[in-house]
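Numbering of the sequence shown is given in this note's numbering, commencing with residue 1 and proceeding in unit increments. To start, the structure under review is shown below, and the notes come after it.
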Amino acid sequence: MNSDSKIYDILFVELVPAYECYIPLAEKFKIPVIGTLSSRPWMHTSDVFGDLHPLSIPTLWSPLPKKMSFFQRLENIIQNAYASLLIKYIWEAPLSDFLDQYFPDFDLKRHRAISLIFTINHVSVLATPLIPKVVEVTGIHLPPVKPLPQMIEKFINESENGVILLSFGSIANSNVIDSRLRNIFRDTFSCIQQRVIWKFDKNIERISENVLVSDWIPQSDILAHKNVKLFITHTGIKGMYEAIDAGVPLVCIPLFWDQPSNAGLIEDIGAGIRLDLKTLTKEILLNAINNILFDERYSKKMQKLSSQFKDRPMSPQQSVIYWTEYVLRHNGTQHLQPTSVEIPWHQYLLLDVIFFISFVVFTFSSMLWLIFKLCSKIWKSIKN
1 MNSDSKIYDI LFVELVPAYE CYIPLAEKFK IPVIGTLSSR PWMHTSDVFG DLHPLSIPTL
61 WSPLPKKMSF FQRLENIIQN AYASLLIKYI WEAPLSDFLD QYFPDFDLKR HRAISLIFTI
121 NHVSVLATPL IPKVVEVTGI HLPPVKPLPQ MIEKFINESE NGVILLSFGS IANSNVIDSR
181 LRNIFRDTFS CIQQRVIWKF DKNIERISEN VLVSDWIPQS DILAHKNVKL FITHTGIKGM
241 YEAIDAGVPL VCIPLFWDQP SNAGLIEDIG AGIRLDLKTL TKEILLNAIN NILFDERYSK
301 KMQKLSSQFK DRPMSPQQSV IYWTEYVLRH NGTQHLQPTS VEIPWHQYLL LDVIFFISFV
361 VFTFSSMLWL IFKLCSKIWK SIKN
């Protein structure tokens, strides 16, 4: 902090709330900033992305479909407005005080501070308009498929009816998956012929023989096995794209944050079924599992989605390398910045143009009406 020499070439920062605290460091060392976003774009990054129209892009935390009805669009706009107010008065106010304390001369303009953004949002799931400085690198977390541990591989290979994988990620442990939900899973799995690999951090009492419980699993490697037919998941974005890459349909039971939105998109595409955690029962879960396993439309949709996901000009790793070097070569990317991130919202939504045209039409119509009335009176007076 106290050094004025350039000891770094570039700054990578995750675009989560309060990421702006790191931007003055880039200003101090006069280095470009590359943002990373491990979710779909949302309101906090809209002034960087510059083209997140609330009428066509569902909010990050709601299960709204791609094509929204009038009331869904109204709901989406209200949620966006609420998020904007929350960001402005809850996050930005104390953030500005903090930055003024240590960097009194610093003027934070996010769209100018961020040279490039790497985002995880593939067009096959949700086609989002992106400006040139936003690069999609979905799947960069996917490693090459490795051989499975011997016990897991034997368990999968010996299943005559296929295998179901159940995992709620690293965050959803036994504190989140309560006894009610555990009992639903246990009782459901005892009624099916498929084998189940269940990632969980505790032993499950009275578990049936077709279920293997483990506190750690190589998730992406298991999904890549041809005998895995279904993935029951909370629909975290990384696990979702692992399933898409492997072509495995989903039963989505979202918990929080972007998961309901991810689950809604998967269901909207037809590559899975979304269930509500609060109303989940054994019968509902069993019906969803059977629908996925015995209705080929889900697997075909996911296979098509997987094919679209893999069809790209270069790998995510190659994209990251190329664009990082591009930023360094040109010392930033201001030439890739569209004007849409700088204009006020009423201009972006064309409200000023609509108002002007409406005013002209109203004025012209009023003049015609007055002329007609005047002519009518003159004609009546002449006639009389």
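Where a beta carbon is used, it is the ideal one built from N, C-alpha and C, also for glycine.
Please identify the residue among the options whose C-alpha is closest to the C-alpha of residue i.
| i | options | result |
| --- | --- | --- |
| V320 | G162, I171, L116 | L116 |
| N161 | N227, E205, I253 | N227 |
| C21 | L368, P63, R206, D100 | D100 |
| F200 | S190, P338, W216 | W216 |
| S96 | K154, Y19, F71, R40 | Y19 |
| S179 | H141, I269, K202 | K202 |
| L277 | L293, A93, Q259 | Q259 |
| I114 | I57, L350, P32 | P32 |
| L130 | N76, P143, I57, S159 | I57 |
| S236 | A224, L255, F309, A246 | Reading off the sequence, residue 236 comes out as Gly, not Ser. Nearest option by C-alpha distance: L255. |
| F309 | V137, K88, R195 | V137 |
| Q303 | Q318, L181, I269, T324 | I269 |
| L142 | E296, G239, S366 | G239 |
| R186 | I207, I192, F118 | I207 |
| I192 | L293, L350, S170 | L293 |
| M135 | Y322, E75, L350 | It is Val, not Met, that sits at residue 135 in the sequence shown. Out of Y322, E75, L350, Y322 has the C-alpha closest to the C-alpha of V135. |
| L15 | K28, F29, K30, L37 | L37 |
| N210 | S159, I232, G169, I171 | S159 |
When we look at the beta-carbon of residue i and count the other beta-carbons within 10 Å, is it buried (16 or more) or exposed?
| i | result |
| --- | --- |
| Q219 | buried |
| I78 | exposed |
| H234 | buried |
| P63 | buried |
| T363 | exposed |
| P127 | In the sequence under discussion, the amino acid at residue 127 is Ala, which differs from the Pro named in the question. A127 should be labelled exposed. |
| S39 | buried |
| S167 | buried |
| A93 | exposed |
| D311 | exposed |
| Q194 | buried |
| A26 | buried |
| I120 | buried |
| F70 | exposed |
| F98 | exposed |
| T471 | Coverage of the chain is limited to positions 1 through 384, which leaves residue 471 absent and any answer about it impossible. |
| T339 | exposed |
| I386 | The question about residue 386 has no answer here: the residues shown for the chain are numbered 1 through 384. |
| S358 | exposed |
| T279 | exposed |
| I382 | exposed |
| I371 | exposed |
| L275 | buried |
Taking a contact to mean a Cβ-Cβ separation below 8 Å, would you say residue i touches residue j in this structure?
| i | j | result |
| --- | --- | --- |
| L386 | I289 | Past the boundaries of the shown model lies residue 386; the chain is included only from 1 to 384, so the question cannot be answered. |
| V145 | I156 | no |
| I222 | I184 | no |
| L336 | P132 | yes |
| W91 | P17 | yes |
| G139 | P316 | yes |
| Y298 | G272 | yes |
| A224 | A243 | no |
| N80 | M68 | no |
| G332 | P65 | no |
| R182 | I152 | no |
Is residue i helix, strand or coil when you go by DSSP?
| i | result |
| --- | --- |
| V33 | strand |
| G239 | helix |
| F189 | helix |
| L166 | strand |
| S365 | helix |
| G272 | strand |
| E342 | coil |
| R206 | coil |
| R195 | strand |
| T324 | helix |
| E14 | strand |
| V360 | helix |
| S307 | helix |
| S39 | coil |
| F256 | coil |
| I57 | coil |
| F103 | coil |
| L250 | strand |
| I378 | helix |
Determine, using beta carbons only, whether residue i comes closer than 8 Å to chain C.
| i | result |
| --- | --- |
| N76 | Given the protein chain composition of this structure (a single chain), no chain C is represented. |
Report yes or no: do the region 5-18 and the region 315-332 share at least 3 C-beta pairs separated by less than 8 Å?
-> yes
Inter-stretch contact (C-beta, 8 Å, three-pair minimum) for the region 288-307 and the region 249-257 | yes
Three or more C-beta pairs closer than 8 Å, one from the region 276-284 and one from the region 336-346: is that the case here?
-> no
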